[in-house]
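For reference, the structure is listed below as structure tokens.
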Amino acid sequence: AGRKVYPGFIQLTAFVSMNMNRHVKAHMELYENLAAGELEKAEATKHFYDEYFAVLDLASEFYLETVKYVFQDYLLPKGELTYRGNPIDFKAIRRTALLTVEGERDDICSIGQTMAAQDICSGLRPHRKRHHMQAGVGHYGVFSGRKWAGQVYPLVRNHILASD
């Protein structure tokens with residue numbers, strides 16, 4: 003038998019079911035736009051869902067460890083995360099830049115969960131840290147779509163360039 007995986011279609015089903023009404027409405031509007039000849043609007047919706055539905059399987063051990071360590075046991079904020087049996091000391095991070103990004107409407111990673119890295123990485127000087135809260139986006143929209151391309155990505159790019 004092959005490698006055990008967490009199938010992408012199951013993750014997609016979970017994502018869609020969290021906001022079922024929004025996705026049903028979007029597909030109804032897609033067909034209404036097609037019928038009305040609003041091809042640009044229909045194409046924008048189609049393009050979004052072409053990306054949104056493009057999911058991959060995850061190695062089962064990666065998925066299960068992530069759920070356990072991050073969402074159930076909270077090892078990172080408790081300072082109990084290890085790598086190959088050795089505790090990770092986030093205070094030892096001193097020579098990198100840190101940019102944390104959160105979505106205002108993220109219903110998977112709640113507000114503050116990502117920003118907690120700012121406190122956990124206490125060895126970084128304040129000028130090396132930056133946090134961004136993107137208004138009007140959920141979990142997916144933080145790193146995909148118009149707001150990613152026009153607002154978030156430029157911040158990420160500039161943060162990387164400034165840290166060289």
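Numbering-wise, the numbering used here puts 83 at position 81 of the sequence shown, and it's gapless, one number per residue. Just so it is clear, CB atoms sit at the ideal spot from N, CA and C, and this is done for glycine as well.
query                                                                                                      : result
Any beta strand (DSSP E) of 3 or more consecutive residues that is wholly inside the segment 76-160        : 100-105 and 131-136
Backbone CA spacing between E45 and C123 [nearest angstrom]                                                : 43 Å
Residue from R148, L66 and Y155 whose Cα sits closest to the Cα of P9                                      : L66
Whole-number beta carbon distance between C111 and H141, since they are thought to touch under 8 Å         : 6 Å
Classification of T68 by the beta-carbon crowding that lies within 10 angstroms, buried from 16 upward     : exposed
CB of E106 within 8 Å of CB of V139, strictly                                                              : yes
G143, buried or exposed, once every other Cβ within 10 Å from all chains shown has been counted against 16 : buried
Within 8 Å, strictly: CB atoms of V7 and D59                                                               : yes
Residue environment, Q74, which counts as buried when at least 16 other CB atoms sit within 10 Å           : exposed
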